[in-house]
Amino acid sequence: MGSASGDDAREHLLDVGGGGEGAPSASGPKIRVRGLTRRSEASGEEILRGVDLDVPRGVVVGIIGPSGSGKSTLLRALNRLWEPAPAAVLLDGVDICGIDVLTLRRKVGMLFQLPAMFDGTVADNVRYGPQLRGKKLTDAEVQRLLSLADLDLALSSRPASELSVGQAQRVALARTLANDPEVLLLDEPTSALDPISTQNIEEAIVRLKKTRGLTTVMVSHSVKQIQRIADLVCLVVAGEVVQVLPPSELSEAKHPMARRFLELS
1 MGSASGDDAR EHLLDVGGGG EGAPSASGPK IRVRGLTRRS EASGEEILRG VDLDVPRGVV
61 VGIIGPSGSG KSTLLRALNR LWEPAPAAVL LDGVDICGID VLTLRRKVGM LFQLPAMFDG
121 TVADNVRYGP QLRGKKLTDA EVQRLLSLAD LDLALSSRPA SELSVGQAQR VALARTLAND
181 PEVLLLDEPT SALDPISTQN IEEAIVRLKK TRGLTTVMVS HSVKQIQRIA DLVCLVVAGE
241 VVQVLPPSEL SEAKHPMARR FLELS
């Protein structure tokens, strides 16, 4: 699937305000998907076909597969950018359909292909989510978040409109981290970036896993990128998860279409 629309990105950014808390379970996978199905509203064609997937805690799971296979659609179900069927997606054993959507989108943050910046400075953007909940981040807290996203601290006072795409993507990452998420969803976050900016984002993702134990699910068109940073790889073909395996074992993929995709990548 392609990148999320600007409307998707802004909807997610606006939905990080209030909301009640759930009662999470510490056992089992961080995210469990069972029988997840999605049809095109226009054609009725199945986009996802009974997807099953477990996302362990504190790991990076990469989702790869041919274009149009349903990768981004699967990702967007995990924080209800579209509504999955009840009990199809569990977060800490709790049905996400029963979690207040504002609370869910704080717990399960998302970074899109093209970052959406609000008016104001870099610091204003980083403070956005907590400010909706009545919390004002200190300058030191903003700087800490910029550091986590591998950004020059001097950018804090710069107008967000003056940033490069690579800088804006890392500001978007810092802004997402300001909500203290338990899960980070990444929808091809480096596809519009140059190699240096791509490396910066990859290093930030790996560092967040090591320092914060942040569970991350990332869609990418780059097999090599997923091999660099993922602990597990989810192969998606024609709307189905056909195999989940470590990146070192991708050569052992069993599905013919998955093997063909990997050979040509």
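When you line the sequence shown up against the UniProt record's numbering, it's residues 1 to 265, in that order. Even for Gly, the Cβ is constructed at its ideal location relative to N, Cα and C. Here the structure is a predicted model, which means the values were calculated and not measured.
The beta-bridge partner set that DSSP reports for C97 is empty. Nearest neighbour of E188 by Cα position, chosen from V126, R212, E182 and R76, turns out to be R76. DSSP, reduced to helix, strand and coil, places T73 within a helical segment of the structure shown. Taking the Cα of L91 as reference, the smallest distance to any Cα among L53, L137 and T190 is reached at L53.
Bridge pairing for L186: L111 and M218 [DSSP]. Excluding residues up to 5 positions away in sequence, I47 lie with their Cβ nearer than 7 Å to the Cβ of S40 in the same chain. Fully enclosed beta strand (DSSP E) runs of no fewer than 3 residues occupy 240-245 of the stretch 233-264, in order along the chain. Setting aside the 5 residues that flank it on each side, P130 is surrounded in the same chain by L137 and A178, each with a C-beta closer than 6 Å to its C-beta; the list follows chain order. Collapsing the DSSP output to three states places T37 in a strand. Note that the stretch 198-215 touches the stretch 133-150; at least 3 beta-carbon pairs, one per stretch, sit closer than 8 Å. For S164, the CB contacts under 8 Å within the same chain, skipping 5 residues up- and downstream, are S197 in chain order. Note that the C-beta distance between V237 and V61 is not below 9 Å.
Membership of E46 in the beta strand (DSSP E) is indicated by the continuous run E46 to V55.
Per DSSP, G129 lies in no beta strand (DSSP E) segment; the continuous alpha helix (DSSP H) that holds it begins and ends at Y128 to L132.
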